[in-house]
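Colleague: The structure that follows is given in the form of structure tokens.
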Amino acid sequence: MCKLGENMKNNLSLITTVIVGAILIVGFSGCSAKGKQFSGFKTPEKGKGMVYVYRPSGFIGGGVYYDVKNQTNNDNIIGTLRNGGFIYKEMTPGKKILWAKTEAKHEVPVNVKENEIACIKGGVGFGIIVGRPELINVDKSICEVEIKETHASID
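First residue of the sequence shown? That's 273 in this note's numbering, and the numbers climb one at a time after it.
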């Protein structure tokens, strides 16, 4: 009789683990980028530059997403960066400051050059309540490799 009780406990524990796992998977998948997979850089209009902000897919901070804003242009939103996603914006050449905020603000300077593409890699660092955004400049050669697995970060 005692062995039967142990088996029921083990089965209940297994069922609980499966249910919690399924809820986490469904919950986190709702926060991931859902647009078309990246298929190549767009050529900026003559006299403009293009800025790509991308975030490789990852489990840590997977449920956190944030708006990326252009401080140099009245804090206009470039887009919402989701786990495994990318956004892009054509801009006039010059020095810009892009930023994002959850519980803390993080800024990154970007030098937009005429007829060129600039890349910013996004991520999520540890925070007290929610993950904090991280934005760093990356060389286009690194971006070309990492951005391939991302999808358009659309709502």
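Don't be surprised by glycine CBs; every beta carbon is placed ideally from N, CA and C.
Using a Cβ-Cβ distance cut-off of 8 Å, determine whether residue 374 contacts chain C.
Modeller: In the structure shown, chain C does not exist; there is a single protein chain.
Colleague: Let me make sure I understand the geometry here. Which of 397, 366, 314 has the alpha-carbon closest to that of residue 358?
Modeller: Ranking 397, 366, 314 by Cα distance to residue 358 puts 314 first.
Colleague: Quick one: residues in its chain with C-beta nearer than 7 Å to the C-beta of residue 406, no 5 flanking neighbours on either side, listed in chain order?
Modeller: Result list for residue 406: 378, 394, 395, 396, 397, in chain order.
Colleague: Just curious, the beta strand (DSSP E) that residue 325 is in, first and last residue?
Modeller: Taken as a continuous stretch (DSSP letters only), the beta strand (DSSP E) holding residue 325 covers 321 to 327.
Colleague: Exposed or buried, which one is residue 310 when buried takes at least 16 other CB atoms within 10 Å?
Modeller: It counts as buried.
Colleague: Pull up the CB-CB distance for residue 361 and residue 369, whole angstroms please, since I reckon it's below 8 Å.
Modeller: The pair is not a contact, with the Cβ atoms about 14 Å apart (cut-off 8 Å).
Colleague: Can you name the start and end residues of the beta strand (DSSP E) that residue 406 belongs to?
Modeller: That run of the beta strand (DSSP E) goes 404 to 410.
Colleague: Going by C-alpha distance, which of 416, 392, 423, 374 is nearest residue 403?
Modeller: Comparing Cα-Cα distances from residue 403 to each of 416, 392, 423, 374, the minimum goes to 374.
Colleague: Which residues in the same chain as residue 324 place their Cβ atom closer than 8 Å to its Cβ, once the five residues preceding and following it in sequence are excluded?
Modeller: Here the set comprises 313, 358, 359, 360, 389, 390, 391, 392, 415, 419.
Colleague: Using three-state DSSP, classify residue 345 as helix, strand or coil.
Modeller: Note: residue 345 maps to helix in three-state DSSP.
Colleague: Can you find a heavy atom of the ligand PLP that lies under 7 Å from the Cβ of residue 415?
Modeller: Among the components of this structure there are no ligands whatsoever, and the ligand PLP is therefore not found.
Colleague: Within 10 angstroms of its Cβ, does residue 429 collect 16 or more other Cβ (buried), or is it exposed?
Modeller: It is not possible to answer for residue 429, since the shown part of the chain is limited to 273 through 427.
Colleague: CA-CA distance, residue 411 and residue 426?
Modeller: Cα to Cα, residue 411 sits roughly 24 Å from residue 426.
Colleague: Strictly by DSSP, which residues pair up with residue 360?
Modeller: BP columns for residue 360 point to 324.
Colleague: In this structure, what does DSSP give as the bridge partners for residue 366?
Modeller: DSSP lists 384 as partners of residue 366.
Colleague: Along the beta strand (DSSP E) that carries residue 318, what are the first and last residues, could you check?
Modeller: Segment: none, residue 318 is in no beta strand (DSSP E) and carries neither H nor E.
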